[in-house]
Amino acid sequence: MVANLGKRDRAARRGTRRRPRRESALVWWALFAALGGVAWWLHSWRVALLVLLGWCFYQFAFVPTVCRVSTRRGAGCTERTRGRLFACGPGHQRLRNDALWRLAGLRAPFRKRPPRDENETGAVPPDVRGRLALPDRLLILLAAAGTIAVLAGLVHGFR
Numbered sequence: 000m001v002a003n004l005g006k007r008d009r010a011a012r013r014g015t016r017r018r019p020r021r022e023s024a025l026v027w028w029a030l031f032a033a034l035g036g037v038a039w040w041l042h043s044w045r046v047a048l049l050v051l052l053g054w055c056f057y058q059f060a061f062v063p064t065v066c067r068v069s070t071r072r073g074a075g076c077t078e079r080t081r082g083r084l085f086a087c088g089p090g091h092q093r094l095r096n097d098a099l100w101r102l103a104g105l106r107a108p109f110r111k112r113p114p115r116d117e118n119e120t121g122a123v124p125p126d127v128r129g130r131l132a133l134p135d136r137l138l139i140l141l142a143a144a145g146t147i148a149v150l151a152g153l154v155h156g157f158r
């Protein structure tokens with residue numbers, strides 16, 4: 000049955016179909032560097048906090064990355080996503096959410112029972128599949144620390 004598929008359908012099945020090109024991460028880094036330069040030139044810690052908040056939001060929601068949730072075979076999913084908090088689909092997003100709750104040291108509060116995902120059940124158990132990759136873990140923790148620093152700076156600035 001797979002042999003009768005057209006070239007585009009086979010590529011979609013393999014996950015290699017062409018997607019629209021996204022902006023380069025260098026554009027974002029140039030923007031952060033320019034805004035950081037403006038904060039330094041103005042000697043404004045408030046602008047620096049705003050740049051830090053923008054970088055944290057970029058890491059949480061906009062950075063071009065890949066899903067990296069472990070599949071049945073143990074390899075990470077290579078579908079592209081936006082932001083370190085997001086996964087490629089609903090099944091992987093559930094696993095990512097569970098991993099984020101575990102990173103915070105908590106159980107998923109809204110989960111009644113373990114997920115039953117027919118496509119992804121297999122050799123790798125869900126707690127291993129839902130584990131965040133080391134770079135994602137580090138940058139999420141760094142962005143969370145930056146967000147806390149921004150909030151502390153804002154509270155300190157209003158005194």
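Residue numbers 0 to 158, in numbering that gives the first Met the number 0, belong to the letters of the sequence shown in order.
Yeah, the Cβ is synthetic: ideal placement off N, Cα and C, and Gly gets one too.
Note that the coordinates shown come from a computational prediction; the quantities given were computed from them, not determined experimentally.
- In this structure, Tyr57 is the residue among Tyr57, Asn96 and Leu94 with its C-alpha nearest to the C-alpha of Gly145.
- Apart from the 5 residues on each side of it in sequence, Glu22 has no Cβ closer than 6 Å to any other Cβ in its chain.
- Per DSSP, the continuous alpha helix (DSSP H) segment holding Thr146 begins and ends at Leu133 to Gly156.
- Taking each of Phe61, Arg72 and Asn96 in turn and checking the Cα distance to Arg79, the smallest one comes out for Phe61.
- In the structure shown, Gly36 falls within a helical segment according to DSSP collapsed to helix, strand and coil.
- A straight line joining the alpha-carbon of Trp54 with that of Ala148 spans about 12 Å.
- The Cβ neighbour count for His155, taken over all protein chains shown within 10 Å, is under 16; the residue is labelled exposed.
- Straight across, the Cα-Cα distance linking His91 with Leu105 is about 19 Å.
- Within the model, the alpha-carbon separation for Phe59 versus Phe109 is close to 21 Å.
- The DSSP-derived three-state label of Gly75 is strand.
- Rounded to whole angstroms, Gly36 and Ala24 show a C-alpha spacing of 18 Å.
- The beta carbon of Cys76 sits closer than 8 Å to the beta carbons of Val65, Cys66, Arg67, Val68, Ser69, Thr70, Ala86, Cys87 and His91 from its chain, once the five residues preceding and following it are set aside; these are given in chain order.
- About 6 Å separates the Cβ atoms of Arg130 and Ala98, confirming a contact at the 8 Å cut-off.
- If you check the CB distance, Leu84 and Gly152 do not come in under 8 Å.
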